[in-house]
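The structure appears below as structure tokens.
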Amino acid sequence: MSTADAVAPTGRGGAGVAVARRAFGQVGRGAGAWALVFGATAAASALTYVTSFPTLASRHALAVTTGSASGLGVLLGPVAAVDTVGGYTVYKGFVFLTTIGAVWAILASTRLLRGEEDAGRWQLVLAGDTRPARATAATLAGLGAAVGLLFCGTTAIMLLVGHSPDVGFGVGATVLYGLSITIAPLVFAGVGAVTSQLGRTRRLATGLGLAFFGVAFVIRMIADSGAHTQWLLWLTPFGWTELVRPFTSNDPWPLLPAGLGTLVLCVAAAALASRRDAGGGVLASRDVSALRPFGLRSPLGLAARLELPLLGAWCGGAALAAFALGIVAKVTTAGTAPGSLGDTLENFGVTGSFADQYLGVAFLLVATLVALLPAGQIGAAFEEETSGRLVHVLARPARRGRLLGGRLLLGGAGVVAAGLVAGPAAWLGARSQGVDLDLGTMVAAGLNVVPTALVALGTGAVALSVAPRAAVKAVYGLVIGSLLVDLLSSMVSSLSWLGHLSLFHYLALAPAQDPEVRTVVTTVAVAGALCALATVLAGRRDVQSK
Amino acid sequence: MTPTIVTERLTKRYGETTALDTLDLEIEQGEVFGYLGPNGAGKSTTLALLLGLIRPTSGQARIFGLDVWRDAPAVHRRVGYVPSEANLWPSLTGAEALRFLGRVHGSVDGAYRDELVDRFELVPDKKIRAYSHGNRQKVLLIAAFASRADLLLLDEPTSGLDPLMERVFQACIREARDRGQTVLLSSHILSEVDAVCDRVAMLRGGRIIETGRLDVLRGLAALHVRAQLDSSPPDLSGLPGVTNVVVAGRAVECDVAGSVQPLLRALTEAGVVHLTTREPSLEEIFLSHYGGSGG
């Protein structure tokens, strides 16, 4: 191919189509991955339900238990009809799927719009054959296609599972379920598009989007707190998702405000884009500030100053997840849960009271969340290097191994803090529902997730020192892969041998299992050795640039 | 006296691509050394090697007699560096970035830093994200000059500065030289190199193709001659060292390298009415080496 051929525009449709394609290219893969996670989560809920609650009596008992727990609806959404496979599936995945969908959409939208502008690439697009409003609309079309992929993937998996006679989901109801799950990402993509016009940095735009998310979530919680506040569900995207009630009421009307709301947000974003300067924001932001000496004494101090908000958010997320899991412990208290659920839990080798067994397995999710925290820190270290900012430090008397060591110390502190808050948060959640747990035991259960997360940190650090571009993927691969392997090996007896490959195989399921001192010490030692190896290897490769 | 920078057959390869090929260089203390070359010639690679940011494929480099890879922190204590891309932390203000860079370096002349902030007309309480490219470069230049480092490694440090700030920069370079500091200045701005550098090296395709004092380079380069004659100009194309002959009526222009005797003899025979000669500018020397090659 000649140079002229190589740089010649390909495809048809002009600048708009090119912008939309690029936007889809940036977020399409992520949408596909989330479609798999969404579909698998919902499908797992349905399949677990039909095996754990095989009889009408057990389903009725569950409905009675959850129906009498007033706090559950507030926190976890639509508790109605949990004595049916569809009702339970909707209830089980509601908070998880809508939260992930909304946050993903906000991050994707602000990345495509404000992130590109922060990097100066948006201005290059605007220098071409397009205008801000059209380029914004085209970007949103690309993001819309990614949300469409999320809908198609989730629905396809659910259609496959729903085909089973035990599950028995109809095609129409399944499509409606897919649409209801797509409401949050669709609307919040529009929210991110508007906040990208308001804030002049990606961080601010994302923060505004997440603040809107928080308000919408709280309105939904208030709406679910009693019959007289149910009308509030019509004011929030989470309420629209809930009101569809697929598999039971199958009401398509809430899709109307969702569609209209998204349209209004996208039109508003395009209109605002055409009324502001490139690189600027509608909201005035402070570009001038007095000197704040915090974090300016050393590279570690600066990393702490820049990363503390993110680490705080991770700790908050871990605490929130643990709190929610603590609340659900009520459902599993002895006497109300069916024996089949106990059998499922026993596959994980847990013992003790039902609440302990449940929390032991449920804390696997907390362990996963905390073990993913290092991915953010490894990613930040990589970004610091490839952006050229690390060079300003390396050109001064600082050793690369020591710099990485500081980063690892920060990541390790974040992991310990997240583990430290998770235990008491779960205890608080359980106590709020009247489940009596020992605080000391739950603090230990929270800290128990720390060693495996440190191994994830060490693995990411070694990858950063050897193959930096694969470092973040290495952490995600290790943690998500370990979770899947752990679940598979516990649920399918013929695959139990696989368990040894999982990171979480070396994690005691506290509070249902007592952590073994030898295993904890070994795990921490492995993590320490990996981190030490990473700091030694860090100085042996070339500094990377974009 | 030990040279400040010594490289011996310094080579860097990326797979099949040779970014720097057997570089031999010596830069003396107190010298302002211009490092010239088109894009992709290997200038930034050289500076990254000298800072120990990347490892040489073969050869070695020493600064202050220390190995740049093994003894990097000790070398960096005496080095100020300004990279070509001024990426800084967007959420910090200029003053905060200066404070941080000074702390990490460990040596700052605070009074000189404040003076430089005034001379470069930097608004220090503005956030980096609100700075233009030129203002971000000012932050890095101020940090490097204020460190009073023995060696300044500057990689195209003024591409975003306006002409007034360019003059401030050149004044700072002269002050640094007067204090005995050594400067390695990689630049595309030939007038800047012409104004401040004692010696230059020209790089092409990862290899040095010319090194020397500017006046010597000029002497070696072709002299531009313009003559007005009182008869038709003779045929000069066959004379040794004569190139680019242009005839316009009884006027003739050409470049001559080496001895001018044969040219003067031919012109005298044709009757010289008026004769002017001009030494080549650095730009003309640069273009004579790189013109049409693209590096």
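Chains as they are written, first to last, in this note's numbering: chain D, 1 to 546; chain B, 1 to 295.
Backbone N, C-alpha and C fix where the C-beta goes; we use that ideal spot for every residue, glycine too.
By alpha-carbon positions, which one of the options ends up nearest to residue i?
i, options, result
"D/Ala234", "D/Leu243, D/Pro54, D/Leu310, D/Gly279", "The residue you asked about is not Ala; residue 234 of chain D is Trp in the sequence shown. It is D/Leu243."
"B/Leu267", "B/Ile285, B/Asp230, B/Glu283, B/His289", "B/Asp230"
"D/Ala367", "D/Thr459, D/Val187, D/Leu483, D/Phe94", "D/Leu483"
"D/Leu186", "D/His163, D/Gly142, D/Arg202, D/Leu159", "D/Gly142"
"D/Met442", "D/Val421, D/Leu457, D/Gln433", "D/Val421"
"D/Leu296", "B/Pro73, B/Gly65, B/Leu47, B/Phe100", "B/Phe100"
"D/Glu307", "D/Trp253, D/Arg518, D/Leu255, D/Gly414", "D/Gly414"
"D/Pro527", "D/Gly458, D/Ala258, D/Leu232", "In the sequence as presented, Pro is not what sits at residue 527 of chain D; that position holds Ala. Selected option, being the one with the closest Cα: D/Gly458."
"D/Gly162", "D/Phe151, D/Leu150, D/Tyr177", "D/Tyr177"
"D/Ala355", "D/Leu36, D/Pro511, D/Gly30", "D/Pro511"
"D/Asp166", "D/Thr48, D/Thr154, D/Ala80", "D/Thr48"
"B/Val225", "B/Glu284, B/Arg278, B/Thr7", "B/Arg278"
"D/Gly101", "D/Leu487, D/Ser289, D/Ala184", "D/Ala184"
"D/Leu300", "D/Asp83, D/Val194, D/Lys546, D/Gly405", "D/Gly405"
"D/Leu272", "D/Gly419, D/Leu439, D/Arg114, D/Leu537", "D/Arg114"
"D/Val85", "D/Ala43, D/Ala425, D/Val125", "D/Ala43"
Three-state secondary structure (DSSP) at residue i?
i, result
"D/Ser482", "helix"
"D/Gly429", "helix"
"D/Trp195", "This sequence places Thr at residue 195 of chain D; Trp is not what is there. The answer is helix: DSSP assigns D/Thr195 an H, G or I state."
"B/Asn39", "coil"
"B/Leu275", "strand"
"D/Arg541", "coil"
"D/Ala527", "helix"
"D/His163", "coil"
"D/Gln513", "coil"
"B/Gly249", "coil"
"B/Tyr81", "strand"
"D/Lys473", "helix"
"D/Asn448", "coil"
Checking contacts by CB at 7 Å: is residue i closer than that to chain D?
i, result
"B/Ala176", "no"
"B/Glu121", "no"
"B/Thr17", "no"
"B/Val68", "no"
"B/His76", "yes"
"B/Tyr81", "yes"
"B/Phe100", "yes"
"B/Lys127", "yes"
Going by other Cβ atoms of all chains shown within 10 Å of its Cβ, with 16 needed for buried, is residue i buried or exposed?
i, result
"B/Phe145", "buried"
"B/Gln261", "exposed"
"D/His60", "exposed"
"B/Ala86", "buried"
"D/Gln123", "exposed"
"D/Asp129", "exposed"
"B/Leu49", "buried"
"D/Asn448", "buried"
"B/Asn244", "exposed"
"D/Val543", "buried"
"B/Gly294", "Summary for B/Gly294: the model assigns pLDDT 39, below 50, so the residue's position carries little reliability, and this model does not support an answer."
"B/Leu154", "buried"
"B/Asn39", "exposed"
"B/Asp150", "buried"
"D/Pro237", "buried"
"B/Lys12", "buried"
"D/Leu390", "buried"
Is the CB of residue i under 7 Å away from at least one CB in chain B?
i, result
"D/Leu291", "yes"
"D/Pro252", "no"
"D/Ser387", "yes"
"D/Asp287", "yes"
"D/Arg276", "no"
"D/Pro397", "yes"
"D/Asp436", "no"
- [ ] May I ask you to verify whether the stretch 111-118 of chain B touches the stretch 37-50 of chain B, counting CB pairs closer than 8 Å and requiring at least 3?
- [x] Not touching, per the Cβ criterion.
Open item on the list: Contact between the stretch 300-313 of chain D and the stretch 410-417 of chain D is defined here as three or more beta-carbon pairs at a separation below 8 Å; is this criterion met?
Closed with: Output reads yes: the stretch 410-417 of chain D touches the stretch 300-313 of chain D.
- [ ] Taking 8 Å as the threshold, find out whether the stretch 224-239 of chain B comes into contact with the stretch 63-71 of chain B through three or more Cβ pairs.
- [x] Not touching, per the Cβ criterion.
Open item on the list: Contact between the stretch 239-257 of chain B and the stretch 182-193 of chain B is defined here as three or more beta-carbon pairs at a separation below 8 Å; is this criterion met?
Closed with: Here the stretch 239-257 of chain B makes no contact with the stretch 182-193 of chain B; the two share fewer than three CB pairs at distances below 8 Å.
Open item on the list: Would you call the stretch 379-386 of chain D in contact with the stretch 464-479 of chain D, where contact means no fewer than 3 C-beta pairs closer than 8 Å?
Closed with: Enough Cβ pairs lie closer than 8 Å, so yes.
TODO: Could you tell me whether the stretch 425-433 of chain D touches the stretch 493-506 of chain D, where touching means 3 or more Cβ pairs closer than 8 Å?
DONE: Taking a cut-off of 8 Å for Cβ pairs, the stretch 425-433 of chain D and the stretch 493-506 of chain D do not touch, as fewer than three such pairs fall below it.
Task: the stretch 278-297 of chain D / the stretch 358-377 of chain D touching (three or more Cβ pairs under 8 Å) - done: Too few Cβ pairs lie closer than 8 Å, so no.
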